[in-house]
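For reference, the structure discussed in these notes is given below.
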Amino acid sequence: MKNQILPHDHGGHEDKVAEHMPTESEIAGVSEAMKQLGDPSRLRIFWLLCHCEECVLNIAALVNMSSPAVSHHLKLLKSSGLIVSRREGKEMYYRTADTELAQVLHHTIEKLGKITCPEDSEKS
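Numbering (our numbering), first residue to last: 10 to 133.
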């Protein structure tokens, strides 16, 4: 949006904001991550995996869902880059990706939801 002339001049700082407006491709990853976390089940799974590494069966038990449903949600979270997996023998383990986006989203979820981290509650 650099050097774009706006239809109305309101005397604000729109020109400075426009200079820093992210392109669609620059913001696509954040948009995809937020879209995936818009589902309450995926949000709970993501929060869980922010605190531990788990297999599908344990995740399913912890969130009270079937293993196929959890696997579906894990696939979507993984494709958006929010979680990663590793194989140990026949078992797959999942955890939150070690990225700035995942960390910021984790802290935002806890702040907005007024949720205490397990590590924080142990300090009390």
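Backbone N, C-alpha and C fix where the C-beta goes; we use that ideal spot for every residue, glycine too.
- Here the stretch 55 to 70 makes no contact with the stretch 20 to 37; the two share fewer than three CB pairs at distances below 8 angstroms.
- Contact check for Arg51 against His81 fails: the beta carbons are separated by 7 angstroms or more.
- Taken in chain order, the whole alpha helix (DSSP H) runs of length 4 or more contained in the stretch 59 to 85 are 65 to 72.
- Secondary structure note for Thr105: its beta strand (DSSP E) is the uninterrupted segment Glu100 to Thr105.
- Taking all protein chains in view, the Cβ of Thr105 is crowded by 16 or more other Cβ atoms within 10 Å, so the residue is classified as buried.
- Membership of Ile36 in the alpha helix (DSSP H) is indicated by the continuous run Glu33 to Gln45.
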